[in-house]
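Student:
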Amino acid sequence: MDGGAAHIDLAGRSALVTGAGSGIGRACAHVLAGAGALVHVVDRDGDSAKEVAGLLGGQAHVVDLSDAAAVETLPTEVDVLVNNAGLQHVAPLHEFPPEVFTLIQQVMVTAPFLLVRRCLPHMYARGWGRVVNVSSAHGLRASAFKAAYVSAKHGLEGLSKVTAIEGAAHGVTSNCVNPGYVRTPLVENQIEAQSRAHGLDREEVVEKVLLDRSPVKRLVEPAEVAALVLWLCGDHASSLTGASLPLDGGWTAT
Ligand code: NAD
Numbered sequence: 010m011d012g013g014a015a016h017i018d019l020a021g022r023s024a025l026v027t028g029a030g031s032g033i034g035r036a037c038a039h040v041l042a043g044a045g046a047l048v049h050v051v052d053r054d055g056d057s058a059k060e061v062a063g064l065l066g067g068q069a070h071v072v073d074l075s076d077a078a079a080v081e082t083l084p085t086e087v088d089v090l091v092n093n094a095g096l097q098h099v100a101p102l103h104e105f106p107p108e109v110f111t112l113i114q115q116v117m118v119t120a121p122f123l124l125v126r127r128c129l130p131h132m133y134a135r136g137w138g139r140v141v142n143v144s145s146a147h148g149l150r151a152s153a154f155k156a157a158y159v160s161a162k163h164g165l166e167g168l169s170k171v172t173a174i175e176g177a178a179h180g181v182t183s184n185c186v187n188p189g190y191v192r193t194p195l196v197e198n199q200i201e202a203q204s205r206a207h208g209l210d211r212e213e214v215v216e217k218v219l220l221d222r223s224p225v226k227r228l229v230e231p232a233e234v235a236a237l238v239l240w241l242c243g244d245h246a247s248s249l250t251g252a253s254l255p256l257d258g259g260w261t262a263t
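In my numbering, each residue's number is its place in the sequence shown (first place is 1) plus 9.
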């Protein structure tokens, strides 16, 4: 037995990746297309969605995932669903804007629920499916000032486990991947802002601020997250379900 991981063949499969215009989602779209899947590239940013879809021979869907009616226009014939789109807002709880809290739940919990709900009948009919939820170390741990994000990621963790339990009899697995800080535009901007605010150089911000709790003192690369997402799509991983896989340089071990 060779483990099968090197031979993940998604030819004839379709994949839908949310937030695929940037960062982790973009890297996931690339590896899934590389394995042969037809990739549906979903993002509210039309230019980047079309660019990624053009590069991969996929299909772009310009949709704001906070709009439930728009989510209902997305394809349902999906074998691999990657719930990845997300956003962050940092504020103390007593000042946290309620409308931003609601928006974050809509994009990061309600949209994944609607997509799972829509895609499962096709997966059940084929007796095979993969749901991969891009959670976070913040799906397993909390930090101050991130009430909406931490709440949403913990909600996504629950949705993933229920999907795993219901999908098991139908050949469908559901898992979370839980990155620490990943080198994406989102984090690059935070490094710049922290560097200016604290008068530290970029390396010091990464090591002393962002990675304070991480034994591995480097950012995770989007390609590392995408590799784990692809690995979960192999037939070798059919017993791995309902799990949450940290990719966080050891942060959640501390
Ligand atoms: P990113 O900002 O680079 O990409 C996010 C993408 O989601 C963007 O293309 C954006 O347009 C899209 N998006 C946001 N809101 C949307 C909406 N309402 N409708 C449609 N598309 C929308 O971010 P990223 O760092 O690649 O993050 C991707 C996922 O990974 C998120 O769920 C994030 O919480 C998670 N994550 C990121 C990190 C990190 O350090 N970067 C760490 C752990 C988890």
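Idealized CB from N, CA, C, for every residue including glycine.
Computed from a prediction, not measured in an experiment: that's the story for all the values here.
Apply the 10 Å Cβ neighbour rule to residue 20 and answer buried if 16 or more other Cβ atoms are within range, or exposed otherwise.
Tutor: Per the 10 Å Cβ criterion, exposed.
Student: Taking the alpha helix (DSSP H) that residue 253 falls in, what are its first and last residues?
Tutor: Looking at the DSSP string, residue 253 is not in any alpha helix (DSSP H); the run it does join, the beta strand (DSSP E), is 253-256.
Student: Should residue 96 be listed as close to the ligand NAD, given that the test is whether its C-beta is under 6 Å from any heavy atom?
Tutor: Yes, the Cβ of residue 96 comes within 6 Å of a heavy atom of the ligand NAD.
Student: Count the other CB atoms within 10 Å of the CB of residue 248; is the residue buried (16 or more) or exposed (fewer)?
Tutor: Residue 248 comes out exposed.
Student: Got a sec? Which residues, its chain only, sit under 6 Å from residue 120 by beta carbon, not counting five neighbours each side?
Tutor: Excluding residues within five positions, the ones whose Cβ falls inside 6 Å are 74, 80.
Student: Rounded to a whole number of angstroms, what is the C-alpha to C-alpha distance between residue 128 and residue 91?
Tutor: Cα to Cα, residue 128 sits roughly 11 Å from residue 91.
Student: Does the beta-carbon of residue 106, which I'm using as the reference point, lie nearer than 6 Å to any heavy atom of the ligand HEM?
Tutor: No copy of the ligand HEM occurs in the structure displayed; its ligands are the ligand NAD alone.
Student: Buried or exposed: residue 280, going by 16 or more other Cβ atoms within 10 Å of its Cβ?
Tutor: Any answer about residue 280 is impossible in this case: the structure gives the chain only from 10 up to 263.
Student: Considering only the beta carbon of each residue, do residue 139 and residue 99 sit closer than 7 Å?
Tutor: Cβ distance not < 7 Å, so residue 139 and residue 99 don't count as in contact.
Student: I need the straight-line Cα distance from residue 245 to residue 256, nearest angstrom please.
Tutor: Between residue 245 and residue 256, the C-alpha separation is close to 20 Å.
Student: What did DSSP end up calling residue 52 once you bin it into helix, strand or coil?
Tutor: It is a strand residue.
Student: Kindly indicate which three-state DSSP category residue 7 falls into: helix, strand or coil?
Tutor: A question about residue 7 goes unanswered here, because the residues of the chain that appear run from 10 up to 263.
Student: Going by beta carbon distance, what residues of the same chain come within less than 8 Å of residue 118, once the five residues before and after it are set aside?
Tutor: Only 161, 164, 165, 168 meet the Cβ criterion.
Student: How would you write the range of the alpha helix (DSSP H) that residue 131 sits in, first residue to last?
Tutor: Here the alpha helix (DSSP H) through residue 131 covers 120-135.
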